[in-house]
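Beneath this line is the structure, given in structure tokens, with notes to follow.
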Amino acid sequence: MRLDPLFESHRAQVYAWAYRILQREHDAQDVTQDVYLRWWHSRSNGAALTSPAAWLRRVTVNRALDVLRERHRDPQDDFRLAPSGVGRCDGTAPTAGARAEERERRERVSRALGGISERQREVVVAKVFDGLTFAAIAAQMNLSVPTVKTHYLRGLAALRDALHAERVT
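Start counting the sequence shown at 145; every next residue gets the next number (this note's numbering).
Below is the structure:
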């Protein structure tokens, strides 16, 4: 089966977006496949996409966040070890407590991201995870730069409030 040339031109970026969120190669590959299937169904149904890159980013981020939520429900996840030395300057393996804290932090952020608007989430992920400029995000989403900045600032405020509320309760 030959991939759609337009999707193929974005496949590496789709994988990179998924990997930045999930931090696991096999999960990022699964998400990339899921996104391709959604892309293929969308295109076969005659959907015209004004901004394929924005559509792919939105679907990828949402699917990756779904995988993070599913991971939270997987008790085997507690026993999987991160590669040796990940996140440690001295090259030693992180402790079980450090892994648990990191997992909990990712889950809190995932829940908070799931609670903000889709537009805000898309902008925040593009800026924070992908390091894109406001101008690049605006071009990808067909929005003005001030509108992108507004979505970003409101998204960060909503994330801060959600994370603070979760810490208090």
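Cβ coordinates follow ideal geometry from the N, Cα and C atoms, glycine included.
Pick out whichever of A162, F278 and F151 has its Cα sitting closest to the Cα of Y180. Reading the sequence shown from its first residue, position 36 is the one you call residue 180. Of the candidates A162, F278 and F151, the one whose C-alpha sits nearest the C-alpha of Y180 is F151.
For the putative contact between L212 and E251, defined by C-beta atoms under 8 Å, what is the C-beta separation to the nearest angstrom? As a first step, residue 212 must be located in the sequence shown, where it is residue number 68. As a first step, residue 251 must be located in the sequence shown, where it is residue number 107. The Cβ separation is near 7 Å, so the contact holds.
Helix, strand or coil: how does DSSP classify D148 here? Translated into the one-based positions of the sequence shown, residue 148 becomes position 4. Reduced to three states, the DSSP call for D148 is coil.
Pair every Cβ in the segment 158-165 with every Cβ in the segment 189-205, then say whether three or more of these pairs are closer than 8 Å. They touch, by the three-pair rule.
With 16 other CB atoms within 10 Å as the buried threshold, where does T194 fall? Within the sequence shown, numbered from 1, the residue matching residue 194 stands at position 50. With fewer than 16 Cβ atoms within 10 Å of its Cβ, T194 is classed as exposed.
Check whether the segment 290-299 and the segment 257-267 touch, using three or more Cβ-Cβ pairs below 8 Å as the test. yes
Quick check: what's the CA-CA separation for V175 versus W183? Residue 175 sits at position 31 when you count from the first residue of the sequence shown. Residue 183 sits at position 39 when you count from the first residue of the sequence shown. Going by the C-alpha atoms only, they are around 12 Å apart.
Expressed to the nearest angstrom, what Euclidean distance is found between the alpha-carbon atoms of D305 and E169? What you label residue 305 is simply residue 161 of the sequence shown in a count that begins at 1. What you label residue 169 is simply residue 25 of the sequence shown in a count that begins at 1. Their backbone Cα atoms lie some 31 Å apart in a straight line.
Rounded to the nearest angstrom, how far is the Cβ of L287 from that of L257, given a contact under 8 Å? Locating residue 287 in the sequence shown gives position 143, where the first residue counts as 1. Locating residue 257 in the sequence shown gives position 113, where the first residue counts as 1. About 19 Å; that fails the 8 Å criterion.
Would you mind sorting Q177 into buried or exposed? The rule is 16 or more other CB atoms within 10 Å of its CB. Here residue 177 corresponds to residue number 33 of the sequence shown, with the count starting at 1. It is exposed - the Cβ of Q177 has fewer than 16 other Cβ atoms within 10 Å.
Just reading off the alpha helix (DSSP H) that Q173 is part of, what are its end residues? Start at 1 with the first residue of the sequence shown, and residue 173 comes out as number 29. Looking at the DSSP string, the run of the alpha helix (DSSP H) that includes Q173 is E169 to S188.
A240 to E246 span [Cα, whole Å]: Numbered from its first residue, the sequence shown carries residue 240 at position 96. Numbered from its first residue, the sequence shown carries residue 246 at position 102. When rounded, the distance between both Cα atoms is 10 Å.
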